[in-house]
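Numbers in the numbering used here are just positions in the sequence shown, counted from 1, shifted up by 10.
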Amino acid sequence: ALEDQELRKAGFKVTLPRIKVLKILENADPHHMSAEDVYRKLIEMGEDVGLATVYRVLTQFEAVGLVKRHNFEGGHSIFEIRQGEHHDHLVCVHCSKVEEFVDALIEDRQAVIAKKSKFRMTDHNLTIYGICHDCEKQSFEGQRACLKIAHFIAIR
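Here is the structure:
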């Protein structure tokens, strides 16, 4: 299987936990998962793999470049399969949803800034924090409900 080849190419012995974790990450939707997310998915699949094993496998994958770890605001690590094309992230500060984006203008501008400072860029990371559309909508609807209640109380 493809997972077996990827593990061997990375220098790993093929084990069931490694295959399962890699498969979960490759099929992840959304693409970003915490160790706990991977563990919950394994439990749903009826797999008997402990959380400590999931952490160990993810750390091993990170060490050889199979996955990339992000530590977004909020503290816990999120992992994604390295898939070549560089991308940046939008992170919702309410629900922790992560969206990927690619913007050529931003990439070009960062290269210009590095060159102008005589700096050879080897990697970079842009994370934009804000409130996603769904949370913004829920917040607005919640505010409207509070206003209706306040108005009702005021006219009594």
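By construction, the Cβ of each residue, glycine as well, lies at the ideal position given by its N, Cα and C atoms.
Taking one C-beta from the region 78–85 and one from the region 97–113 each time, how about it: are there three or more such pairs within less than 8 Å?
yes
With 16 other CB atoms within 10 Å as the buried threshold, where does residue 96 fall?
Here residue 96 refers to the residue found at position 86 of the sequence shown. Exposed: under 16 other Cβ atoms inside 10 Å.
Are residue 90 and residue 41 close, meaning C-beta to C-beta below 7 Å?
In the sequence shown, counting from the first residue as 1, residue 90 sits at position 80. In the sequence shown, counting from the first residue as 1, residue 41 sits at position 31. Going by C-beta atoms, residue 90 is nearer than 7 Å to residue 41.
Completely contained alpha helix (DSSP H) runs for the region 65–148, where each covers 4 or more residues
114–126
Could you pull out every residue in the same chain whose Cβ sits closer than 8 Å to the Cβ of residue 77, ignoring the five residues on either side in sequence?
Walking along the sequence shown from the start, residue 77 turns up at place 67. Excluding sequence neighbours, residue 77 sits near 35, 68, 71, 89, 90, 91, 92.
Could you tell me the boundaries of the alpha helix (DSSP H) in which residue 31 lies?
Numbered from its first residue, the sequence shown carries residue 31 at position 21. Start and end: 26–36.
Please say whether residue 65 and residue 45 have beta carbons closer to each other than 7 Å?
Taking the first residue of the sequence shown as 1, we reach residue 45 at position 35. Taking the first residue of the sequence shown as 1, we reach residue 65 at position 55. Contact flag set, yes.
From 16, 21, 23, residue whose alpha carbon lies closest to that of residue 32:
Stepping through the sequence shown from its first residue, residue 32 is reached at position 22. Ranking 16, 21, 23 by Cα distance to residue 32 puts 16 first.
For residue 43, count the other beta carbons within 10 Å of its own beta carbon; 16 or more makes it buried, fewer makes it exposed. Which is it?
Working through the sequence shown from its first residue, we reach residue 43 at position 33. Counting Cβ neighbours within 10 Å, residue 43 comes out buried, since at least 16 surround it.
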